[in-house]
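In our numbering, the protein residues as written are 68 to 416.
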């Protein structure tokens, strides 16, 4: 495959819930205040789902991108959603987007879970698949309902996150494209435990209904809904060691930018725009200092949305697109998150 084969973003879209939550709202439920949150994070507000969900936001953002693109939706051959908070374990968010947008069934749909770095990996996967696809376009989405993963008694994490979705329709171009990724397997610094359930005990006569011992069914862990019995699932909130994440993130962004520049034999003078995962404004400000004279190239919008995980980068791209500050720009897109992992793309959009 031609490594110089690039991508062109044809159109973008974004969606956030109707309910806007300010720092002052959090003062009502946890021991915190606006000054404490803003000085440590750069966040003033975020949007949290009530009637909406991860899936509905993804559909809304995807529909907005499709409407702006003007293309025949049935020319989309790939739908990839980066998410860690889809409505279902399965089917995928992408499959539900195909259903809701009534896109032709001859389309590859799957979700990708890489936390806050997910949209970058989704773009890279879509680009690779387009090189062999019959159809011209890919729809790439980042969508998260982080509010359903939070422990609202933990003031250090619940104030950080928001819900939202961003989408981009891409096609291949003759422009440049390089990608780098690093993984440092670690579930101590940043982690969200999976769902937990209970499994009834079976005796040795497997398959015989009479062999299911009624005493093995713990009523506390089972819910009877008419003719359906299912296991109650439990979860804990996001666990994060803030200082460790901060140090990792600053290093990650600086390192991935330098790796990409070195790979293309470029300097920051050659770059028009840097779009980082929006986790904390202090992280981005620290990175700016490491690239003196280029701070104005870093896009920041965390003040409005909080950390929307895999949705933060496509939301930022959508805002830039609406401001006519995206297309034709040589851009570095950099993400970092749970894994621990970080990744970046250098491309001409």
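Here a beta-carbon is modelled for each residue, glycine too, at the ideal position from N, C-alpha and C.
Taking the straight line between their C-alpha atoms, what separation do you get for residue 169 and residue 212?
Within the chain shown, the letter at position 102 stands for residue 169. Within the chain shown, the letter at position 145 stands for residue 212. Near 23 Å, if we compare the C-alpha coordinates of residue 212 and residue 169.
Contacting residues, own chain, Cβ-Cβ under 6 Å from residue 335 (five flanking each side not counted)
Position 268 of the chain shown, counted from the first residue, corresponds to residue 335. Within the same chain, 358 and 361 come within 6 Å of residue 335 by CB-CB distance, once the 5 residues on both sides are set aside.
Taking only three categories from DSSP, how would you classify residue 128?
In the chain shown, residue 128 corresponds to position 61, counting from 1. DSSP places residue 128 in helix when its eight states are reduced to three.
Go ahead and label residue 155 buried or exposed: buried means 16 or more other beta carbons lie within 10 angstroms of its beta carbon, across all protein chains shown.
Taking the first residue of the chain shown as 1, we reach residue 155 at position 88. Exposed, since its Cβ has fewer than 16 Cβ neighbours within 10 Å.
Output the distance between the C-alpha atoms of residue 124 and residue 241, rounded to the nearest integer angstrom.
Your numbering for residue 124 matches position 57 in the chain shown. Your numbering for residue 241 matches position 174 in the chain shown. Each residue's Cα considered, the two are about 32 Å apart.
Going straight from the alpha carbon of residue 77 to that of residue 328, what length do you get?
Walking along the chain shown from the start, residue 77 turns up at place 10. Walking along the chain shown from the start, residue 328 turns up at place 261. Using only the alpha carbons, I get a separation of about 25 Å.
Identify every run of the alpha helix (DSSP H) within the segment 85–144, keeping only runs that are complete inside it and at least 4 residues long; order them along the chain.
Within the segment 85–144, the complete alpha helix (DSSP H) runs of at least 4 residues are 90–93, 101–108 and 121–136.
Could you have a look at residue 218 and say whether DSSP puts it in helix, strand or coil?
Start at 1 with the first residue of the chain shown, and residue 218 comes out as number 151. Note: residue 218 maps to coil in three-state DSSP.
Report buried or exposed for residue 220, applying the criterion of at least 16 other Cβ atoms within 10 angstroms of its Cβ.
Here residue 220 refers to the residue found at position 153 when the chain shown is read from its first residue. Classification for residue 220: exposed.
Looking at the structure shown, is residue 292 part of a helix, part of a strand, or coil, going by DSSP?
Locating residue 292 in the chain shown gives position 225, counting from the first residue. Confidence at residue 292 is low in this model, with a pLDDT of 39, below 50, so its placement is unreliable and the value that follows should be read with caution. The answer is strand: DSSP assigns residue 292 an E or B state.
For residue 342, the nearest candidate out of 86, 310, 377 and 226 (CA to CA)
Stepping through the chain shown from its first residue, residue 342 is reached at position 275. If we check each option's Cα against that of residue 342, 377 comes out closest.
Buried or exposed for residue 407, please, with buried defined as at least 16 other CB atoms from any protein chain shown within 10 angstroms of its CB.
Your numbering for residue 407 matches position 340 in the chain shown. Sixteen is the threshold: when 16 or more other Cβ atoms of the shown chains lie within 10 Å of the Cβ of residue 407, as they do, the residue is buried.
Tell me whether the segment 220–232 and the segment 172–185 touch, counting them as touching only if at least three CB pairs, one residue from each stretch, are closer than 8 Å.
No, because fewer than three Cβ pairs between the segment 220–232 and the segment 172–185 fall closer than 8 Å, the two stretches do not touch.
Determine the DSSP secondary structure at residue 301, reduced to helix, strand or coil.
Here residue 301 refers to the residue found at position 234 of the chain shown. For residue 301, the pLDDT reaches just 43, beneath the cut-off of 50, and the residue's location in the model is therefore unreliable, although a value from the coordinates is still provided. The answer is strand: DSSP assigns residue 301 an E or B state.
Residue 116 to residue 215, Cα distance in whole Å?
Numbered from 1 along the chain shown, position 49 holds the residue referred to as residue 116. Numbered from 1 along the chain shown, position 148 holds the residue referred to as residue 215. Using only the alpha carbons, I get a separation of about 9 Å.
Of the residues 136, 338 and 159, the one placed nearest residue 205, counting alpha carbons only:
Counted from its first residue, the chain shown places residue 205 at position 138. The candidate whose alpha carbon is nearest that of residue 205 is 136.
Starting from residue 155, follow the beta strand (DSSP E) in both directions and report where the run begins and ends.
Taking the first residue of the chain shown as position 1, residue 155 is located at position 88. Taken as a continuous stretch (DSSP letters only), residue 155 belongs to no beta strand (DSSP E), as it is neither H nor E.
Could you give the DSSP three-state label for residue 373: helix, strand or coil?
Locating residue 373 in the chain shown gives position 306, counting from the first residue. Three-state result, residue 373: coil.
Between the alpha carbons of residue 288 and residue 365, how many angstroms are there, rounded?
Along the chain shown, read from residue 1 onward, the residue named residue 288 stands at position 221. Along the chain shown, read from residue 1 onward, the residue named residue 365 stands at position 298. Unreliable positioning characterises residue 288 in this predicted model, as indicated by a pLDDT of 44, which lies under 50. The coordinate reading is nonetheless provided below. In a straight line, the C-alpha of residue 288 is about 49 Å away from that of residue 365.
Considering only their Cβ atoms, is the gap separating residue 89 from residue 112 smaller than 8 Å?
In the chain shown, the residue the question calls residue 112 occupies position 45. In the chain shown, the residue the question calls residue 89 occupies position 22. The beta carbons of residue 112 and residue 89 sit closer together than 8 Å.
Could you give the C-beta distance for residue 208 and residue 128, rounded to a whole number, given that I count them as a contact under 8 Å?
Working through the chain shown from its first residue, we reach residue 208 at position 141. Working through the chain shown from its first residue, we reach residue 128 at position 61. Indeed they touch by this definition, with Cβ atoms about 6 Å apart.
If you draw a straight line from the C-alpha of residue 159 to the C-alpha of residue 403, how long is it?
For this step, residue 159 is matched to residue 92 along the chain shown. For this step, residue 403 is matched to residue 336 along the chain shown. Using only the alpha carbons, I get a separation of about 23 Å.
Closest residue to residue 218 among 199, 93, 194 and 234 (Cα-Cα distance):
One-based indexing of the chain shown puts residue 218 at position 151. Of 199, 93, 194 and 234, the residue nearest in Cα terms is 93.
Distance, Cα to Cα, residue 355 vs residue 401?
What you label residue 355 is simply residue 288 of the chain shown in a count that begins at 1. What you label residue 401 is simply residue 334 of the chain shown in a count that begins at 1. Their Cα atoms are separated by approximately 13 Å.
Let me confirm a value: residue 140 is counted as buried when at least 16 other C-beta atoms fall within 10 Å, else exposed. Which label applies?
What you label residue 140 is simply residue 73 of the chain shown in a count that begins at 1. Burial of residue 140 is indicated by the presence of at least 16 other C-beta atoms within 10 angstroms of its C-beta.
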